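Residues in the sequence shown are numbered from 1 upward in steps of one, following UniProt numbering. We treat Cβ as the ideally placed atom computed from N, Cα and C, and that holds for glycine. None of the values given here were measured: they were computed from a predicted structure.
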Amino acid sequence: MSCETECLNRRIQRYNTLRAKTRETEHENMRILMTMFGWQESGGGTILPRQIALGLQRRGHQVMVIYASTEHIPNAPAYTLSERSEEGVQLIGIHNWGLMIKNWVTAYLGGTNPEHEIENPAVWDIFRVYLNKFQPDIVHYHNFYALSMGFTDLPRAQNLPTFFTLHNFWLLCPTLYLYYQNQEVCAGVNETGSNCSQCTQSFFRGSLFTERRDRLREKAHTDLTRLFVSAPKIKEMLEAQGYWPEKIEVLKLGNLRAVRIWEGLGQKRAPFQGPTIRFGFMGSLLPVKGIHILFQAVQLLKGDFSVHVYGEAYPEQLDYLKSMDPLNRIRLEGSFKAEEQLAVLEKIDVGIVPSSCHEQAGMAVEEFLSGGVPVIVSDRGGLSYYLQPGTGAIFEADQPQRLAEVMQALIDQPEQICIWQAQIQAPVSFEQYIQAMESRYHETVLNHKSQDLHNRLAAEPGLNTGSEPDSESHFKILLVLDASEAWQPVLKSFLASFQAHDPLELVLLPQNLSSQAAQDLLLDWLESEGLDAESGPELLLLEPMEDLLELQALLSVVQVYFWSETAFQTNELALKAGLPLAGSALPAELKSATSPALVQDWLLKLGFSYFPGKS
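1. Do residue 193 and residue 217 have their beta-carbon atoms positioned less than 7 Å apart in this structure?
2. Go to residue 329, then tell me how far its alpha helix (DSSP H) extends in each direction, as first and last residue.
3. Where do the ends of the beta strand (DSSP E) carrying residue 476 lie?
4. Apart from the five residues on each side of it in sequence, which residues of its chain come closer than 6 Å, Cβ to Cβ, to residue 171?
5. Assuming residue 617 contacts residue 272 (C-beta within less than 8 Å), just tell me the rounded distance between them.
6. Which runs of the alpha helix (DSSP H) at least 4 residues long sit entirely within the UniProt domain "Glycosyl transferase family 1" (276-415)? Give them in chain order.
7. Report the residue from 554, 497 and 565 whose alpha carbon sits nearest the alpha carbon of residue 538.
8. Among 57, 190 and 258, which one has its Cα closest to the Cα of residue 428?
9. What residues in its chain sit with their C-beta under 8 Å from that of residue 317, if we drop five residues either side in the sequence?
10. Out of 74, 115, 579 and 566, state which residue places its alpha-carbon closest to the alpha-carbon of residue 555.
11. Let me know if residue 633 comes out buried or exposed under the rule of 16 or more other beta-carbons within 10 Å of its beta-carbon.
12. Along the chain, where does the beta strand (DSSP E) containing residue 86 start, and where does it finish?
13. So, under 8 Å CB-CB, residue 509 and residue 481 are touching, yes? Tell me the CB distance rounded to an integer number of Å.
14. Extract the residue ranges of the alpha helix (DSSP H) inside the stretch 183-256, only unbroken runs of 4 or more that lie entirely within it.
15. By how many angstroms is the C-alpha of residue 576 removed from the C-alpha of residue 435?
16. How long is the line joining the alpha carbons of residue 602 and residue 240, rounded to whole angstroms?
17. Reducing DSSP to helix, strand and coil, say where residue 494 ends up.
18. For a quick check, are the C-beta atoms of residue 80 and residue 38 less than 7 Å apart?
19. By a C-beta neighbour count over all protein chains shown, 10 Å radius and 16 as the cutoff for buried, is residue 422 buried or exposed?
20. Is it right to say residue 221 is buried, meaning 16 or more other beta carbons lie within 10 angstroms of its own, or is it exposed?
21. Of all the options 442, 229, 581 and 88, which has the alpha carbon lying nearest to the alpha carbon of residue 385?
22. Nearest CA to the CA of residue 396: which residue from 389, 390, 388 and 383?
23. Take residue 514 and list the residues in its own chain whose beta-carbon comes closer than 8 Å to its own, dropping the five residues that flank it on each side.
24. From residue 364 to residue 282, what distance separates their C-alpha atoms?
25. So what does DSSP say about residue 269, is it helix, strand or coil?
26. If you follow the beta strand (DSSP E) that residue 560 is part of, which residue opens it and which one closes it?
27. Please report how far the alpha carbon of residue 570 lies from the alpha carbon of residue 512, in whole angstroms.
28. Less than 7 Å between C-beta atoms, sequence neighbours within five positions excluded: which residues of the same chain meet that for residue 359?
Quick look at the structure:
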């Protein structure tokens with residue numbers, strides 16, 4: 001083996017050892033702009049995006065969150081803004097976007113005015129200012145409620161990758177849950193929109209709700225790169241409403257609280273001892289959560305059991321629930337603080353998640369299981385997707401008799417609880433969930449920059465004055481242009497060896513040179529050599545590139561890279577990408593059997609060898 005071959009092999013080995021480290025760091029320093037509803041409020045649609053924002057920030061990204069705040073600022077105008085930060089996350093709160101009800105809750109009337117949800121000029125202006133100020137690489141929407149979807153055209157105009165994680169059914173339903181006030185499930189906007197007009201008690205005609213549905217679907221198609229849903233059932237529901245399957249990806253949610261619960265309780269929980277079975281419910285005491293189904297089912301039970309309900313409710317709702325429990329079988333425990341959740345779970349043997357609406361995900365299911373608590377869930381939405389195999393039971397939603405049958409079976413045979421407990425596994429790491437999201441960010445950013453580069457190669461040929469280059473069919477060769485003279489014989493030979501009609505392009509990448517300096521250097525050299533770039537083959541001078549992702553995008557659209565003694569980062573990326581390499585320092589025995597004969601002959605003429613890269 002020649003000395004040159006040994007040196008090359010050592011170099012390749014060194015780069016291979018760096019790949020793992022590169023994978024860990026390649027997502028760093030991304031600027032991510034998020035939108036959401038609330039910041040500190042309870043509920044999975046706020047808790048999870050907050051966990052994601054803080055998690056991304058801890059992993060080295062810069063995160064800004066624009067959110068609809070539920071904090072009303074007295075005597076302040078509509079859409080008053082607040083700016084602060086938490087653990088490095090920049091927080092932009094939009095206040096006073098609704099009405100004050102009973103001095104403690106902000107009511108949003110967008111659901112009754114469908115035009116307001118399609119376009120809100122005030123929020124559009126706010127988003128435009130912070131989009132231009134923050135200059136993100138990624139925009140990730142987690143909620144449009146109280147914000148509207150009008151501003152999604154702004155990132156699209158800048159060709160930014162945009163994601164939307166659904167935490168509710170806002171795209172399909174102005175009240176978010178596809179659930180009527182009479183406690184029946186809704187199939188979506190009907191042909192006239194009259195069902196939405198009646199459900200929201202709106203003064204607007206029903207046709208505006210059909211327009212809302214159609215316009216939001218259109219904007220999702222044109223303005224969003226990808227939609228994340230939490231379960232296959234949710235994907236099916238969107239597709240049934242005309243959403244494009246290729247835009248939708250099922251990405252199972254991570255839950256940082258579930259991980260902490262497992263570490264603090266679940267992994268060391270003792271098996272059920274009995275004799276009394278303690279059934280438990282955690283969540284809002286609302287009809288959409290199926291709390292009334294649980295109350296009805298409990299009235300049918302017999303035996304040794306207790307039922308504990310943890311959560312908040314309006315006074316009127318509490319009175320209604322109490323009227324459904326004449327024997328006082330259910331203990332209303334009230335709400336609890338986050339730091340009290342482990343203590344609450346210790347007092348529950350079997351969890352109940354009886355949701356009547358189509359739940360997007362099963363955060364409550366995951367948290368029960370992480371506490372070592374088997375779960376009984378309804379078959380609505382994505383709940384069953386989050387139930388680990390053999391760790392509980394599924395019943396038909398809105399059927400108290402079916403829920404009672406499952407609960408009664410456990411009361412009669414409590415040993416089943418231990419069997420279920422033994423099957424409970426640790427929850428998915430929240431870090432794994434964040435990493436999966438980062439991977440999609442990185443892939444999409446790279447694809448966008450690659451497309452940008454295709455467009456630039458086609459539309460900005462630089463020094464080329466021949467026919468417009470075909471970036472898809474032309475064989476592109478990348479050459480670093482720097483203050484050394486290494487590029488000069490390659491360029492001189494390229495211009496002398498090929499004609500304008502040859503399907504080749506030599507792409508010049510400035511290294512340690514400004515755009516103007518690179519152009520001056522190139523033009524002065526061409527003039528000194530008496531060479532004419534106007535009538536020869538394609539010759540493209542790019543802008544300098546320092547961004548890692550932009551370099552990766554460039555390397556993804558060229559076919560050969562000339563090894564440079566100065567462009568160390570580009571060399572590393574080319575090796576990592578498995579890109580074919582050319583250069584005088586490469587061993588002569590490495591030749592490509594797949595490169596065009598035109599290129600092979602030219603390289604041999606130059607005395608250069610060719611490393612074919614990964615097959």
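So, from the data block:
1. Along the sequence shown, one-based indexing puts residue 217 at 217. Along the sequence shown, one-based indexing puts residue 193 at 193. For residue 217 and residue 193, no; Cβs fall outside 7 Å.
2. As a position in the sequence shown, residue 329 is number 329, starting the count at 1. Counting along the chain, residue 329 falls outside any alpha helix (DSSP H), and DSSP gives it neither H nor E.
3. As a first step, residue 476 must be located in the sequence shown, where it is residue number 476. First-last of the beta strand (DSSP E) with residue 476: 475-481.
4. Taking the first residue of the sequence shown as position 1, residue 171 is located at position 171. Excluding positions up to five away in sequence, the list reads 216.
5. Residue 617 falls outside the range modelled here, since the chain spans only 1 to 615, and no answer is possible.
6. Along the length of the UniProt domain "Glycosyl transferase family 1" (276-415), whole alpha helix (DSSP H) runs at least 4 residues long occupy 291-298, 315-323, 341-346, 363-370 and 400-412, reported in chain order.
7. Along the sequence shown, read from residue 1 onward, the residue named residue 538 stands at position 538. Closest option to residue 538, judged by alpha-carbon separation, among 554, 497 and 565: 497.
8. Looking up residue 428 in the sequence shown gives position 428. Nearest option by C-alpha distance: 258.
9. In the sequence shown, counting from the first residue as 1, residue 317 sits at position 317. Closer than 8 Å at Cβ, skipping near neighbours: 285 and 286.
10. In the sequence shown, the residue the question calls residue 555 occupies position 555. Relative to residue 555, the option among 74, 115, 579 and 566 whose CA is nearest is 579.
11. Only positions 1 to 615 of the chain appear in this structure, which leaves residue 633 out of reach.
12. Stepping through the sequence shown from its first residue, residue 86 is reached at position 86. Taken as a continuous stretch (DSSP letters only), the beta strand (DSSP E) holding residue 86 covers 80-86.
13. Within the sequence shown, numbered from 1, the residue matching residue 509 stands at position 509. Within the sequence shown, numbered from 1, the residue matching residue 481 stands at position 481. About 6 Å; that satisfies the 8 Å criterion.
14. 194-199, 207-223 and 232-240
15. By one-based count along the sequence shown, residue 435 stands at place 435. By one-based count along the sequence shown, residue 576 stands at place 576. Computed Cα separation, rounded: 20 Å.
16. To locate residue 602, count along the sequence shown from 1; it is residue 602. To locate residue 240, count along the sequence shown from 1; it is residue 240. Those two C-alpha atoms are separated by around 56 Å.
17. Residue mapping note: residue 494 aligns to position 494 of the sequence shown, counting from 1. Residue state, collapsed to three classes: helix.
18. For the purposes of this step, residue 80 is identified with residue 80 of the sequence shown, where counting begins at 1. For the purposes of this step, residue 38 is identified with residue 38 of the sequence shown, where counting begins at 1. Cβ distance not < 7 Å, so residue 80 and residue 38 don't count as in contact.
19. Numbered from 1 along the sequence shown, position 422 holds the residue referred to as residue 422. With fewer than 16 Cβ atoms within 10 Å of its Cβ, residue 422 is classed as exposed.
20. Sequence index remark: in the sequence shown, residue 221 carries index 221 (1-based). Exposed is the call here.
21. Counting from one through the sequence shown, the residue named residue 385 turns up at place 385. Checking every option, the nearest Cα to that of residue 385 belongs to 229.
22. Along the sequence shown, one-based indexing puts residue 396 at 396. For residue 396, the nearest C-alpha among the options comes from 383.
23. Here residue 514 corresponds to residue number 514 of the sequence shown, with the count starting at 1. Contacts found: 544.
24. What you label residue 364 is simply residue 364 of the sequence shown in a count that begins at 1. What you label residue 282 is simply residue 282 of the sequence shown in a count that begins at 1. Each residue's Cα considered, the two are about 7 Å apart.
25. Residue mapping note: residue 269 aligns to position 269 of the sequence shown, counting from 1. Coil, per DSSP.
26. Taking the first residue of the sequence shown as position 1, residue 560 is located at position 560. Segment 560-562, the beta strand (DSSP E) holding residue 560.
27. The residue labelled residue 570 in the question sits at position 570 within the sequence shown. The residue labelled residue 512 in the question sits at position 512 within the sequence shown. Whole-angstrom Cα-Cα distance: 12 Å.
28. As a position in the sequence shown, residue 359 is number 359, starting the count at 1. Same-chain partners within the cutoff: 380, 381, 382 and 383.
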